[in-house]
Amino acid sequence: MNASSPEPVLSLINVDKRFPGVHALKQVSIDLRPGEVVGLIGENGAGKSTLMKILSGVYQHDAGEIRVGGRPTRFLDAADANSQGIGMVFQEQSLLTNLSVGENIYLGNEKQFTRFGIMNWRTLYDAAARQLAKVKVDVDPRARAEDLDFASRQMVELAKALTLEERGAGHLIILLDEPTSVLERAEIEILFARVRALKSRASFIFVSHRLDEVLELSDRIYVMKDGAVVAERNAAEADVTELHQLMVGRSLQAEYYREPLQKTYRAEIAVEAHNLSLAGAYRDISFQLHRGEILGIAGVIGSGREELTRTLAGFAPHGSGRLAVDGREVTLRSPAEAVDSGIGYIPRERRVEGLVLFLPVAANITLADLESLSRHGLIDAREERRLAISWVERLKVRTPSINTLCLNLSGGNQQKVVLAKWLNAKAKVLVLDHPTRGLDVGAKEEVYDLVRAVTTEGLAVILTSDTLEETIGLSHTVLVMRDGEITHRASANPGAKPRQVDLIGHMV
Amino acid sequence: MSTFVDRLGIDRLRQWLPLTTLVILVILVGALQPVFLQPATLLQLASDTAVLFILATGVTFVIMLGGIDLSIQSMASLASVVVALTVARFGYGAFALAIGLGLLAGLLSGIAHVRLKIPSFIATLAMGGVLYSSALVISGERSIMLADAERSYQSWITGTVFGAPGVIIIGLVVLIVAHVLQAHTRFGRYSAAIGAGEPAAYASGVKVGRQKIFAFVLSGGFAALAGVVLAGRLASGSPTLAAELLLPSIAAVVVGGTAITGGVGSIWRTLVGALIISVVRIGMTFLGVNIFAQNIVFGVVLIVAVAITIDRSKIPIVK
Amino acid sequence: MSTPTTSATSALPDATPAKHVSRFRLASWAPVIVLVLLCIIIASINPNFLSFGNFVRISQAAMIPLVLGLGATFIILMGSIDLSVEGVLTLAAVILSMLVLNGANGNDYGLLAVLAVLVIGAAVGFVNGVIHVKLKVPSFMTTLGIWFIGVGAANALLGGMAIRINDPMIRGLAIERFLGFARGVWLALACLGVALVVQNYTRLGRHIYALGGGEELAALSGISVARVRIMAFMLAGVFYAIGGILAAAQLGLGNAQIGNGRLFTTVTAVVVGGTALSGGQGSVLQTLVGVLIVVVLANGMVLMGVPPSVQIGVQGLMIIAAVALSIDRKLMRIVK
Numbered sequence: 062m063n064a065s066s067p068e069p070v071l072s073l074i075n076v077d078k079r080f081p082g083v084h085a086l087k088q089v090s091i092d093l094r095p096g097e098v099v100g101l102i103g104e105n106g107a108g109k110s111t112l113m114k115i116l117s118g119v120y121q122h123d124a125g126e127i128r129v130g131g132r133p134t135r136f137l138d139a140a141d142a143n144s145q146g147i148g149m150v151f152q153e154q155s156l157l158t159n160l161s162v163g164e165n166i167y168l169g170n171e172k173q174f175t176r177f178g179i180m181n182w183r184t185l186y187d188a189a190a191r192q193l194a195k196v197k198v199d200v201d202p203r204a205r206a207e208d209l210d211f212a213s214r215q216m217v218e219l220a221k222a223l224t225l226e227e228r229g230a231g232h233l234i235i236l237l238d239e240p241t242s243v244l245e246r247a248e249i250e251i252l253f254a255r256v257r258a259l260k261s262r263a264s265f266i267f268v269s270h271r272l273d274e275v276l277e278l279s280d281r282i283y284v285m286k287d288g289a290v291v292a293e294r295n296a297a298e299a300d301v302t303e304l305h306q307l308m309v310g311r312s313l314q315a316e317y318y319r320e321p322l323q324k325t326y327r328a329e330i331a332v333e334a335h336n337l338s339l340a341g342a343y344r345d346i347s348f349q350l351h352r353g354e355i356l357g358i359a360g361v362i363g364s365g366r367e368e369l370t371r372t373l374a375g376f377a378p379h380g381s382g383r384l385a386v387d388g389r390e391v392t393l394r395s396p397a398e399a400v401d402s403g404i405g406y407i408p409r410e411r412r413v414e415g416l417v418l419f420l421p422v423a424a425n426i427t428l429a430d431l432e433s434l435s436r437h438g439l440i441d442a443r444e445e446r447r448l449a450i451s452w453v454e455r456l457k458v459r460t461p462s463i464n465t466l467c468l469n470l471s472g473g474n475q476q477k478v479v480l481a482k483w484l485n486a487k488a489k490v491l492v493l494d495h496p497t498r499g500l501d502v503g504a505k506e507e508v509y510d511l512v513r514a515v516t517t518e519g520l521a522v523i524l525t526s527d528t529l530e531e532t533i534g535l536s537h538t539v540l541v542m543r544d545g546e547i548t549h550r551a552s553a554n555p556g557a558k559p560r561q562v563d564l565i566g567h568m569v
Numbered sequence: 018m019s020t021f022v023d024r025l026g027i028d029r030l031r032q033w034l035p036l037t038t039l040v041i042l043v044i045l046v047g048a049l050q051p052v053f054l055q056p057a058t059l060l061q062l063a064s065d066t067a068v069l070f071i072l073a074t075g076v077t078f079v080i081m082l083g084g085i086d087l088s089i090q091s092m093a094s095l096a097s098v099v100v101a102l103t104v105a106r107f108g109y110g111a112f113a114l115a116i117g118l119g120l121l122a123g124l125l126s127g128i129a130h131v132r133l134k135i136p137s138f139i140a141t142l143a144m145g146g147v148l149y150s151s152a153l154v155i156s157g158e159r160s161i162m163l164a165d166a167e168r169s170y171q172s173w174i175t176g177t178v179f180g181a182p183g184v185i186i187i188g189l190v191v192l193i194v195a196h197v198l199q200a201h202t203r204f205g206r207y208s209a210a211i212g213a214g215e216p217a218a219y220a221s222g223v224k225v226g227r228q229k230i231f232a233f234v235l236s237g238g239f240a241a242l243a244g245v246v247l248a249g250r251l252a253s254g255s256p257t258l259a260a261e262l263l264l265p266s267i268a269a270v271v272v273g274g275t276a277i278t279g280g281v282g283s284i285w286r287t288l289v290g291a292l293i294i295s296v297v298r299i300g301m302t303f304l305g306v307n308i309f310a311q312n313i314v315f316g317v318v319l320i321v322a323v324a325i326t327i328d329r330s331k332i333p334i335v336k
Numbered sequence: 003m004s005t006p007t008t009s010a011t012s013a014l015p016d017a018t019p020a021k022h023v024s025r026f027r028l029a030s031w032a033p034v035i036v037l038v039l040l041c042i043i044i045a046s047i048n049p050n051f052l053s054f055g056n057f058v059r060i061s062q063a064a065m066i067p068l069v070l071g072l073g074a075t076f077i078i079l080m081g082s083i084d085l086s087v088e089g090v091l092t093l094a095a096v097i098l099s100m101l102v103l104n105g106a107n108g109n110d111y112g113l114l115a116v117l118a119v120l121v122i123g124a125a126v127g128f129v130n131g132v133i134h135v136k137l138k139v140p141s142f143m144t145t146l147g148i149w150f151i152g153v154g155a156a157n158a159l160l161g162g163m164a165i166r167i168n169d170p171m172i173r174g175l176a177i178e179r180f181l182g183f184a185r186g187v188w189l190a191l192a193c194l195g196v197a198l199v200v201q202n203y204t205r206l207g208r209h210i211y212a213l214g215g216g217e218e219l220a221a222l223s224g225i226s227v228a229r230v231r232i233m234a235f236m237l238a239g240v241f242y243a244i245g246g247i248l249a250a251a252q253l254g255l256g257n258a259q260i261g262n263g264r265l266f267t268t269v270t271a272v273v274v275g276g277t278a279l280s281g282g283q284g285s286v287l288q289t290l291v292g293v294l295i296v297v298v299l300a301n302g303m304v305l306m307g308v309p310p311s312v313q314i315g316v317q318g319l320m321i322i323a324a325v326a327l328s329i330d331r332k333l334m335r336i337v338k
């Protein structure tokens, strides 16, 4: 079908985008033809969201060309993207819940319904009802958005995107960004049916982490990896396993993940979970984490692994079951309690939860353990200096001085400061929540070195990671989760690492 | 990395701007009125600044955390009334009572803010109303002059120690205590961390709520002390005694370079800020500006100082 | 970068919107119930409460807080706060007293003076908005400064005196009656009508809600956030200026203390009415209910012989209780 295809409505030609320290999009070329649904898949950090943000006007590309209807263009902001016929349907959070459905549909475009500055609600709601009819959803345009279930909200967003038709924006292109993540199966089918029905009116780009859904809805699929498009497939010819392998791609490089440095872990148990459950998140989680062991948790979004990580870090206490740290049974009601139990958390939001960006390096390093620095209630400044300098040297943090604000450090060095904070606090367990997110390759390797080094010294590590290969490469043991339960356990000794395909089978 | 350099430059400017301003103002006022630079006038300036400085010091702890305390002037007034009413019976105990009330009011504000999650400006606005009302009720809505016998208890405020006015000594003690608390204790460090990045402080195991409540307790306590000192200096207590001091206090903190977004600041800066406010006030008096109209200047100074010190990168949405 | 850290909870299937619904419905009706209960209690203690004469007293006590509350509601709906109420009101009252027929100078501009005062209110609001939006100074700091600048300016104009108002039209707002109620009360009701129209039937009103509901989303939909914010502050400024006219009429003069305590009553009324400080939830009608709660309570306390000085304290406690009950803590991880 490709050969005889008509002119694309949207073309990306060698689009490039860089952020400080990260090459987010590398020569990305994508075509979208009239009436087509194009699926876009890739792991976290593959560049999907950057691409969507460029198409919705949040970012601008640095190089390459974007063509709409054959004409080169770029999108200055969201309103500009809208006016060029790009509509967006994001996850559940893009309706203003305190406004009515009709108002949401015409938010920012109410002027057509006013006369002498006074709003004519009847014409607005009538128009909104017509939009809702296009997507065949039975919702009162006067209802408040917060009263709608997530599926209906999604339909309202679709209806909102379709108002662009009336604004004469040319051929409509609708971006569907993870629209199914909060929907039930039946709701997803309705959404898909509507999208298919609307193909005569618009073309779609569909981003999802659920491969089966991408296969089901899309006509063509682009696979992204490390900021580049690595494959293009017709949906009819692709299968889940192949796509997954294309996404994670790289053959395992033992050297990269410092496998030769992986030592056998010790016999002492650092953390033990028994039938740990949290309503709506995960259930019956049991595992033992030994000193010196890296326990990787694999799973897709919604598998419950993120929530489990937050529980271990003290942000979301478990509901039932037992959790013991160092042999002592605990319920971690706050991060403070987790810290007291000897757990250190290295969050994915490094700049928000990891570091106080506006404090100096030294103050960040000592933040989690000022107690032992205090003499008669006062902080021993000289001792603090000494400690900070020694950590900076030991972890090779590249910083002008220990008095530099963490704000001014690169991502990799920031991550080292977070690690130094927990080592200084003598944490016995580290929870690594996507520890290499946003880091470039060199910085990643340094983090791997450090993680190996601290486990050799006896620290226990729980790891959730953006990529499956990182999880496998680093871990001694891998737990696979799906729908809140552990579906598979694999030991990952050096030279005998499980294959990605085997684990993927337990994830999806 | 030009932004890096820019940032350093701006930071340095921000850091030294208040002190430079103070020096220039002193020279300016001194040039207009040479009498201003005589030791006696300067000593008077220091004495007059003490109450403002004590009030501003208390609220500095709250602002460092990124909050605000709008009840300090009401607390100070209430403290003056309590002293005036009870000093005859309790003697020095009256001072302890007043300051104890301040600590208690701060505790209540802190709990309302932290446990009930009420924004600090509204919680303390409400607490200010409660305190003002209490002062009105117990004073019978009038101002209470201290009798001569009662004034003898005020000598630690009104008298001199080795030639220095007591009020300056009190101010110095407050400066030292507050500076140590802010710069050399865990509480001070945690405050800075919370103000600069609350989620990271929380994730690092800092007991955020407890630190915040303590800051409000300090603010209430220092406000009460300021009221006690003011009552001593004016030899009276009244429910509106300190009513005009809220704006200058907050202005002092901000003018000194403590950012209202939290995290950056120090007691020294507040001292500089309080002195700037005092010098401006004296300068305006020399120039014959109506004492009420001086609020115009303080209002402008407050807004300008906030606009200069605020770190916009920290607040994507300003409300 | 701005990914919320609460993804752990948002993915939970039990986070259905249904719970939300009943909360807000209750929140918007609770003030009405409180008002009715309050009336019943006071009336049962002192039947005089239900006399027509007392209704007139209540209406006169409520007219200024209502007008001020209308203005403040729009600001609070955006999630901001306006502490400049007293500043604008005082300045308006003083300038009005100097421009209409008065006991201090020869001016007699009548309606023109009223117009000038409204323009001044809008201008001060404009300054509030521009400083807040363009310099990114948080609204409570901007308006705190403007509060004192307003009162200071009024003081400077007066030089410590009070100016007697002799203009019959202005005095008539407090003295002349229509259907038994003071003209000022009708003016306040007219303001309520205007506020309702702005809130429900203009883009400005709807965009104020949109900003309060989610500023980033509103901006993504092409709403000019800066413009809406500045216009909202101007609108509020006009309402405060009208409050100043009414206050001057009631007192019969303009002085610099005319605004004392009014901010407190205004904020109490708005939050007691159930408008959320976080923005997006509430309405000017709820502010009417809040004003009535505050005024009826004060009236009842007077009828029961409680000294007026206690009322401020009671209002303070009401603020804390109302805010504590109405805040949606789930939405606010960090409270400052």
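Residue numbers (my numbering), protein chains in the order written: chain L, 62 to 569; chain G, 18 to 336; chain E, 3 to 338. We put the CB at the ideal spot given by N, CA and C, even for glycine. A quick note: this is a predicted structure, and the numbers were derived from the prediction, not measured.
Please name the residue, chosen from the options, that lies closest to residue i on a Cα-to-Cα basis.
i	options	result
leucine 47 of chain E	E:Ile322, E:Ser328 and E:Leu305	Note on identity: in this sequence residue 47 of chain E is isoleucine, with leucine being the wrong assignment. Among E:Ile322, E:Ser328 and E:Leu305, the Cα nearest to that of isoleucine 47 of chain E is on E:Leu305.
glycine 307 of chain E	E:Ile44, E:Val36, E:Ala32 and E:Gly245	E:Ile44
alanine 156 of chain E	E:Val230, E:Leu319, E:Val298 and E:Gly261	E:Gly261
phenylalanine 70 of chain G	G:Ile294, G:Ile327 and G:Ile325	G:Ile294
lysine 457 of chain L	L:Ala374, L:Ala247 and L:Glu507	L:Glu507
Can you tell me the Cβ-Cβ gap for residue i and residue j, rounded? I've got them flagged as a contact below 8 Å.
i	j	result
arginine 412 of chain L	leucine 418 of chain L	6 Å
phenylalanine 128 of chain E	isoleucine 232 of chain E	6 Å
leucine 156 of chain L	alanine 212 of chain E	11 Å between Cβ atoms; not a contact.
aspartate 291 of chain E	isoleucine 321 of chain E	Note that residue 291 of chain E is valine in the sequence shown here, rather than aspartate. Wrong, their Cβ atoms sit about 15 Å apart, outside the cutoff.
histidine 196 of chain G	isoleucine 440 of chain L	About 13 Å separates the two Cβ atoms, so there is no contact after all.
Is residue i helix, strand or coil when you go by DSSP?
i	result
threonine 287 of chain G	helix
asparagine 165 of chain L	helix
valine 323 of chain G	helix
threonine 302 of chain L	helix
glycine 360 of chain L	coil
threonine 516 of chain L	helix
asparagine 312 of chain G	helix
Inspect the beta-carbon positions of residue i and residue j and report whether they are closer than 9 Å.
i	j	result
serine 242 of chain L	serine 269 of chain L	yes
valine 492 of chain L	glycine 365 of chain L	no
alanine 269 of chain G	alanine 93 of chain G	no
isoleucine 314 of chain E	serine 88 of chain G	no
alanine 204 of chain L	valine 162 of chain L	yes
Three CB pairs or more closer than 8 Å across the segment 107-127 of chain G and the segment 274-287 of chain G: no
Could you check whether the segment 477-496 of chain L touches the segment 447-463 of chain L, counting it as contact only if at least three pairs of C-beta atoms, one from each stretch, sit closer than 8 Å? Contact between the segment 477-496 of chain L and the segment 447-463 of chain L is present, because at least three Cβ pairs lie under 8 Å.
Inspect the CB distances between the segment 333-343 of chain L and the segment 525-541 of chain L and report whether three or more fall short of 8 Å. no
Counting beta carbon pairs with one atom in the segment 284-293 of chain L and one in the segment 121-130 of chain L, are three or more of them shorter than 8 Å? no
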